Structure formats: structure tokens, C-alpha cells
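In the numbering used here, the protein residues as written are 8 to 560.
Idealized CB from N, CA, C, for every residue including glycine.
These numbers come from a predicted model, not from an experiment.
A short write-up of the structure that comes next.
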């Protein structure tokens with residue numbers, strides 16, 4: 008890339024003599040002023056910035072034979088469409104050697120042993136799983152029977168009339184019967200009435216019952232009717248209400264005072280004895296009910312644990328069988344690979360459909376296993392990528408920058424490509440790898456050599472080395488000239504050195520004026536007319552030598 012510059016000369020003479028200030032006819036001692044980026048189209052040559060590359064495809068698949076051999080024939084040519092599994096060429100069959108035959112025999116032996124092991128495990132697993140299934144079914148049937156006998160949420164023994172009657176239900180009915188009998192015997196002794204009351208207001212206790220505690224007498228009707236309600240409700244167990252009834256009636260008996268007529272001492276003693284006896288029997292019946300319920304829970308837990316163990320045994324048998332079958336499949340695949348490598352697999356087959364984009368080996372060439380011999384491309388032209396090398400001594404192009412791609416022998420075709428990635432390390436040639444996506448369709452074969460051509464860089468400028476001077480902070484600067492002829496320092500970002508010129512990447516804009524050859528005595532904000540011409544000792548100094556001197560070299 009070459010960017011020229013135009014130079015105009017301004018004479019530094021006495022301002023009182025305007026005739027000597029004519030531009031273009033100044034003497035050697037005049038200060039040269041250039042315009043950054045001023046050039047003609049004839050000086051632009053994009054071909055000078057071109058880099059080597061090759062065409063690759065994301066859909067390209069190398070054809071790699073599984074064994075070694077000599078290519079005996081090709082059935083296809085570059086550019087031909089092929090289908091998946093189509094035979095592209097043939098390899099010669101190698102001679103049968105003793106060591107290869109022995110290796111094949113060992114592989115076949117391992118396959119036979121694995122197959123026999125799988126067959127034996129299949130028979131054993133089938134019989135064992137059938138036994139475990141039968142044991143599992145027996146466990147479930149036993150669980151159903153236990154639920155029916157003890158009581159549970161599933162099967163129940165049915166008695167006449169269709170009511171459920173298990174051990175738990177029988178004990179619940181026993182509690183109801185005991186509590187109902189207690190009410191039938193104790194209420195007449197407490198109230199003097201032979202029948203249980205039908206209404207709340209009909210409850211009446213003897214005056215002597217609970218005479219020492221009125222609150223107990225007041226609480227008796229509610230406790231009595233709560234107990235009666237639980238007894239008459241089939242789905243409700245009268246356990247809590249029954250215990251509350253016994254506790255209240257015993258306290259009432261303890262708080263009673265015999266009057267000799269309605270309640271004698273003997274009657275009170277008999278009432279207390281009966282209440283304590285019935286309470287003890289009621290609590291024992293409730294305890295047996297809880298034991299039966301706990302037995303039912305333990306039975307279900309044991310049965311479920313047995314079923315879980317049976318399921319685990321079946322799963323382990325099936326896992327062992329599956330692992331043995333997998334081992335057999337792996338050994339069969341290994342045997343087939345060795346067999347194909349020793350006895351056959353002479354066909355070179357396309358792994359997928361596409362176009363034969365490259366044939367890398369000729370008929371008669373010897374190839375090893377896994378060596379690429381051809382390339383089949385199944386992608387579209389939109390998947391084509393140009394991979395090229397960029398010299399490390401230039402500024403990296405920006406992602407998204409467009410280039411032109413050319414192929415040797417096809418000068419009329421220059422498709423555009425957009426940069427999509429740049430590497431961050433150098434290869435063995437000292438270059439940086441980059442990828443560009445083709446923006447226009449091409450019918451070039453994959454792997455063809457290309458040249459990536461850059462366009463004109465409108466940002467990079469080239470200026471003489473003599474125009475660069477370095478400040479105290481070792482930063483490069485140029486003396487820029489304003490439209491009014493006033494000088495000011497401008498920091499620049501430098502690139503490559505090209506002979507007596509140097510690239511400027513930033514700081515100096517196209518069209519700005521600057522001094523081509525810096526001379527001593529120039530200061531910030533100085534007028535161009537105030538610059539003194541260089542002495543005679545420096546007149547013959549070249550711009551390159553001046554730049555080297557300015558940099559202290």
C-alpha cells in the first residue's frame with residue numbers, strides 16, 4: 008500500500024519583499040510543507056498488499072481409509088456429486104501374513120468368549136428374573152392378605168351385609184361396645200333415669216352427685232353428648248371422648264356426698280369401683296387397637312422393603328446383562344475393524360453426500376490408515392471460508408473489513424470477503440492466521456490457493472521520516488501548520504518504516520498540512536514566517552538523515 012504526499016514550498020524571507028514569496032520557486036533553504044494524504048490514483052496499488060490463503064469449507068469431510076494399502080483406482084473426479092455410502096475408489100488387498108492372521112484369530116476368540124458369556128447371562132437372567140417376579144407377586148399377595156386381616160386401605164374381608172370387618176375394625180367396635188355398656192350402666196346411677204337422654208336439656212344428675220364441685224356437674228352434659236355422638240359416627244373412633252367421659256364421671260363420684268336416700272355409701276362405692284374397672288378395660292382395649300395398627304404398619308413396611316429389594320435384584324441382573332452385551336458389541340466392532348484391515352475393506356466410501364472437492368492421492372500411491380486421500384464437501388457455497396496469513400509487522404485489520412479474493416488464472420473473478428476472525432499468536436512463518444467469509448458464490452475446489460487483496464486504506468498515511476520529531480516523553484510528533492500559518496505539535500501513532508517514509512496510523516488526518524523536514528528553533532504556536540532557514544551546513548542533508556538525527560541516531 009503506497010500513499011503519496013504532495014509538497015509545496017514556502018519561502019522564509021523578509022516579509023517586506025513579497026516578490027520573493029512565490030510558492031514553487033523558493034530556494035533550497037525554504038521550509039517544505041506537505042499535505043497529508045495528497046496523492047494521485049496512479050500511485051495506488053492494492054495488489055501490493057495481498058496475502059496468501061486457501062479456500063476451506065465448514066462442510067468438508069476428509070476421506071480417510073481405515074487401513075493401509077495402495078490406491079488401485081478412483082471411480083470419481085473432482086467436482087462430481089456423490090451420495091452417502093458411494094464407493095469413491097478402491098485399495099489393494101494386502102497379502103495375508105502370519106502375524107496378522109494370529110491377531111485376527113485372537114480377536115475372534117475374544118468375540119466368541121464374549122458371545123458365550125452373553126448367552127449364559129441371558130439364560131440365567133431370564134430364569135432368575137422369573138423367580139424374583141414370582142417372589143415379588145407372593146409378597147404383594149401376602150401384603151393384601153395382611154391388609155385384609157389387620158385392616159388397611161386396600162383389600163378387606165367382607166362379612167355378611169357388606170361391612171368391612173378386620174382386626175382393627177373389630178377392636179374399634181369393641182371400644183364402642185365397651186363405652187356404650189358403660190354409659191348404659193353408669194348413667195342411671197348418676198341421674199336416677201334408666202334411659203339415656205335424647206336432648207341436651209334432658210340431662211339431670213342426682214343432687215348428691217358432684218355436690219362438692221358444681222363445675223363438674225355443668226360439664227357433664229357436653230361430655231356425655233360428645234361421647235354419644237362419637238359412638239354413633241361410624242368413621243369416628245370414640246377414644247378421646249370416651250377417656251374424657253371416664254375422667255369426668257370418676258371426678259363426679261369423688262365429689263359426691265351420700266345423702267342416705269338417693270345415694271347411699273354402698274351405691275357410691277359400687278359406682279366408683281365400676282367406673283375404675285370399666286376405665287381400665289377401655290384403656291386396655293385401646294392399647295390393643297394401637298398394637299394391631301402398628302402391626303399393620305410394620306407388615307406393610309416389611310412387604311414394601313422386600314418388593315424394593317426384588318426390584319433392585321432385577322435391575323442388577325438387567326444391568327449386568329446390558330454391560331455384557333455392550334462388551335460383546337465393542338469386541339465385535341474391534342474384530343470387524345481388524346478383519347477389514349487384514350482381509351477386506353478395500354473400498355473407499357463417502358461418509359456423506361456432497362461434492363468431491365479434492366483428490367489428494369493418485370492411483371498407485373501407498374496410503375496409511377487414517378491418511379486423508381480425498382475431500383467431500385457437503386455444505387453450500389455460503390459455508391466457504393478463506394483462511395490466509397497476515398504479516399506480523401503491519402496493523403491487524405478490523406473485524407468486518409472487506410477484502411477481494413483472487414485465484415491464479417482467473418483474473419476476471421474477484422469475489423468479496425469479510426473478515427470474521429483474526430488470530431492472536433504467530434505461526435511458524437511469523438504470520439497471523441485470519442479467516443474471511445466469502446460474500447459471493449464461487450465454484451472453486453476446496454483447498455485451492457488464493458490471494459487476499461486489500462483495498463485502499465483511507466486511514467493509514469505515509470509521511471517522510473524527516474517530518475517526525477520526538478518530545479521529552481519519547482512520543483513521536485509532527486509540526487502541523489494551520490490555515491493561518493501557525494505551527495502546533497501533533498502526536499502521531501506510527502507503523503511500519505518503508506524506506507525513507509513511515510506509516511502513520513493516527514493523529515494526523517488526511518488533508519492536514521505539516522512540515523516535511525523539522526529544523527531547530529521551531530516552537531509551539533510559532534508563525535511559519537518566523538522560522539529561520541537552516542544553515543549552510545545542513546543544506547545538503549537528506550530528509551532520512553535528518554530524521555535519524557532527530558531521533559538521536
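The Cβ neighbour count for residue 188, taken over all protein chains shown within 10 Å, is under 16; the residue is labelled exposed. The three-state secondary structure of residue 398, taken from DSSP, is strand. Contact check for residue 255 and residue 278: beta-carbon distance about 13 angstroms, past the 8 angstroms limit, so the pair fails to qualify. For the pair residue 283 and residue 317, the Cα-to-Cα distance works out to about 51 angstroms. Around the beta carbon of residue 299, 16 or more other beta carbons sit within 10 angstroms, so the residue counts as buried.
Nearest to residue 268 by alpha-carbon distance, out of 296, 379 and 214, is 214. Residue 520 counts as buried, since at least 16 other C-beta atoms from the protein chains shown sit within 10 angstroms of its C-beta. Within the same chain, and ignoring the five residues on either side of residue 365 in sequence, the residues whose Cβ sits closer than 7 angstroms to its Cβ are 85, 381, 382, 452, 453 and 454.
Just measuring C-alpha positions, the residue of 81, 355, 43 and 74 sitting nearest residue 370 is 81.
At a Cβ-Cβ threshold of 9 angstroms, residue 285 and residue 253 count as neighbours. The beta-carbon separation of residue 175 and residue 296, rounded to 7 angstroms, stays under the 8 angstroms limit for a contact. Here residue 183 carries a helix assignment [DSSP, helix/strand/coil]. One thing to note: residue 500 has its Cβ no nearer than 9 angstroms to the Cβ of residue 527.
In this structure, the beta-carbon distance from residue 397 to residue 428 does not fall below 9 angstroms. Residue 92 places its beta carbon 9 angstroms or farther from that of residue 353.
Distance check between residue 325 and each of 131, 89, 404 and 516 places 131 closest, using alpha-carbon atoms only. With a contact defined as Cβ atoms closer than 8 angstroms, residue 422 and residue 446 qualify at about 7 angstroms.
Counting along the chain, residue 382 sits inside no alpha helix (DSSP H); it lies in the beta strand (DSSP E) bounded by residues 381-384. Straight through space, the alpha carbons of residue 65 and residue 363 are spaced by roughly 14 angstroms. A direct Cα-Cα distance of roughly 20 angstroms separates residue 242 from residue 304. A check of alpha carbon separations from residue 403 across 509, 302, 194 and 439 identifies 439 as the nearest.
Cα atoms of residue 99 and residue 321: separation of roughly 51 angstroms, rounded to the nearest angstrom. Short of 8 angstroms from the beta carbon of residue 361, and not among the five residues preceding or following it, lie these beta carbons of its own chain, in chain order: 66, 68, 88, 89, 383, 384, 385 and 386. Beyond the five residues adjoining it in sequence on each side, residue 394 comes within less than 7 angstroms, by CB distance, of 60, 61, 63, 440 and 442 in the same chain, given in chain order. Per DSSP, reduced to three states, the secondary structure at residue 105 is helical.
Membership of residue 251 in the alpha helix (DSSP H) is indicated by the continuous run 246-261. Sixteen is the threshold: when 16 or more other Cβ atoms of the shown chains lie within 10 Å of the Cβ of residue 237, as they do, the residue is buried. Taken in chain order, the unbroken stretches of beta strand (DSSP E) that lie wholly in the segment 431-493 and span 3 residues or more are 438-445, 456-460, 468-471 and 483-488. Spanning the alpha carbons of residue 491 and residue 533 requires a straight line of approximately 11 angstroms. Assignment of residue 138 by DSSP, reduced to helix, strand and coil, places it in the helix class. The continuous stretches of alpha helix (DSSP H) do not include residue 503, which lies in the beta strand (DSSP E) extending over residues 500-505.
When secondary structure is reduced to three states using DSSP, residue 211 falls in the coil class, being assigned neither helix nor strand. Close CB contacts of residue 258 within its chain, under the 6 angstroms cut and outside five residues either way in sequence, are with 223 (chain order). When the Cα atoms are used, residue 240 and residue 323 turn out to be separated by approximately 51 angstroms. Minimum Cα-Cα distance from residue 511 among the listed residues 232, 535, 272 and 475 corresponds to 475. Residue 302 and residue 211 have their C-alpha atoms spaced approximately 43 angstroms apart.
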